[in-house]
Each structure stands twice: as C-alpha cells, then as structure tokens.
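In this note's numbering, the protein residues as written are 25 to 310. Ideal placement from N, C-alpha and C gives every residue a C-beta, glycine not left out. Since this is a predicted model, take the numbers as computed values, not measurements.
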Amino acid sequence: MENAKQLVGLLVQASMFLLIMAVAMQCAWRDVVEQVRHPRFLLRALIAVNVVVPVVAVLLTLALDLPRPIAAGLILMAVSPLAPLVPGKATKTGADRANVVATYLLLITLAIPIVPLSMAVVDRIFGVEAIAPAAVIAKVAFISGLLPIILGLAFAGLAPSLAARAAPVMTLIAVVVLGLFVLLVLWMQGRIYLGMIGGGTIFAFALTSAAAVIGGHFLATDPENRGALAVAAATRHPGMAFAIAHASGAEPAALAAILLFLIVSVIVVAIYLAWLKKQAPAEAPQ
C-alpha cells in the first residue's frame, strides 16, 4: 500500500513537471530572457500573489471560528504561491506565453525568501510553531518550477519543431493523470471532505480564492495580463503547502484541507476564466 502511494505521488509530481515543461517548450529562450530582464509588472504580481492572498486568509481565520485543521490548510495554501498549473492556465487567458513563463520564473524564485518570511509573520500572529525552511522551499521551487522551465526552453532551442509537436501531447498526458488522481482522492477520501463541509470552510476557501482572482485581475496594468495574474494569484502550490505542513508537524486533517482548498480554487478559477472568455468578444471592437 505504501509503495502504491509513493508511485501515485511520483506520477502526480511528474505530471506537474510535464505541464510546466510543455509551456516552456513553446517559448523561445531569448524571448523569456528578455522578459526576465525587463519584467513589466513584477511588483504588482508580487502584491497579488504574496500579499493579497495571505492577508485575506489571515483575516478570515481571525474572523471565522474555523476548526484548527481547516485554518491550518487555509493559511498553508495562502502562503504557498504558484502551483505548476499556473503557466498552462495563464496562457489560456491570451497572455503572452514568454511573459507568463518569465513572470512565473521570477515569482517562484522570489518565493524562496518570501515564503519563510510569510510563515514567520503567521507564527507571530497566531503563536504557532509554523516553519518554512528556506532549503525546503528552494527544493520545491527548483523541482516544480525552475528545472522544468530550463529543460523546456533548452528543448525548444535544440529542437523547436519537435518541441512544438511534443508539448500538446505532454500536456494531455499530464492533465489525464492529474484528473485521475483527483477522482481517486475523492473516491478514497470523500467522507473526509464531506465532513469538512460546513462551519464556514467552503465559504472561507472560496472567498480567499475569489479575493485572489479579483486582486490579480485589477492589479494587472495591461488588460491582456489581467487573466494571467488572476490565475497566478488564485492557484496556490499544494506541494509547497505539504512541505511546510510536514516541516511544522501539522496534523493529517490539515493535509486534507490543503487538497480541499485546491479543489475549491480550481472551481473558482474555472468560473472566472469562463466569465473572462465571455467578456472578450464584447471588448474586442473597442
């Protein structure tokens, strides 16, 4: 059973890796480097991703009488930015692919010092022993962000035509594996998640995700980047949250809350993207 869990975990990590690598494979190295050297909205992205979401989560935790595991899951996801799902979803909003990859690269790198600082603030506010070692965050950031982007850009540079053909296939495989994983989790732990519903849990998770979407949408300077920044702010990193949870000795129920938050945020983002798609034709003639 333990071996099966490890295998599933590896498949999920590999799928996340492929998702980001596939997006990078459709970019030119020089375009991404140019965007990294001249980031257009880095400060606003930092505020949307690393300030708005944690602040809203902390305020909701203080205002609502959430069970301890639920509060822990909410806070852990709020301080864990940029899931590997971000680049793929962000490019669907019409944002420039090279800009999306470059911004993700910068933000995931900056997460290495920012996340431990955020957890230190949480520790001060709630008086809990929550730690996020920089080495742990750096490992997650490298494996789930930096490495697949570097490999994807290298692949695109060495074999651009092959990379362009392979990227959609890699994305499809990754999406199928992740979809099966979600169904497996819901089937095996459905009762746990049903037990978490109520007491303001879904409200807190949905409101935090909605605040992230709204913050990202309105903090973007250019209309074409609103969707990308909204997606980046709302799609938190479960792998990073799990790493912090293990380092802090969080109870198992908090891990389930992390996955529940991810599911809720995916639904909120999907609703936002559907709304954004409906707005596009109306705004086109202007």
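| query | result |
| --- | --- |
| Which listed residue (G214, I136, V237 and V110) has its alpha carbon closest to that of A280 | G214 |
| Three-state secondary structure assigned by DSSP to E58 | helix |
| Where A267 sits in the DSSP three-state scheme | helix |
| Segment contact, 8 Å Cβ cut-off, at least three pairs: the segment 194-205 with the segment 57-74 | no |
| Presumed contact (8 Å Cβ cut-off) between C51 and L177, rounded CB distance | 6 Å |
| Contact check, P91 vs G251, beta carbons under 9 Å | no |
| Touching by the beta-carbon criterion (3+ pairs, under 8 Å), the segment 137-146 and the segment 288-302 | no |
| Three-state class that DSSP yields for H261 in the structure shown | coil |
| Straight-line gap, M40 to L109 (C-alpha atoms, nearest Å) | 7 Å |
| Reference A311, options V293, P192, V103 and A154, closest by Cα | Outside the displayed range of the chain (25 to 310) lies residue 311, so it cannot be described from this structure. |
| Contact under 9 Å by Cβ, L43 with P111 | yes |
| Three or more C-beta pairs below 8 Å linking the segment 178-189 and the segment 278-294 | no |
| Per-residue DSSP class, three states only, for P157 | coil |
| Buried or exposed (CB count within 10 angstroms, at least 16 for buried), G33 | exposed |
| Start-end ranges of the beta strand (DSSP E) lying completely within the segment 115-176, minimum 3 residues | none |
| Beta-carbon contacts of A95 that lie in its chain and below 7 Å, excluding the five residues immediately before and after | T85 |
| Reduced DSSP secondary structure (H/G/I, E/B, other) of P91 | coil |
| Pair within 9 Å by beta-carbon distance, A256 and S289 | no |
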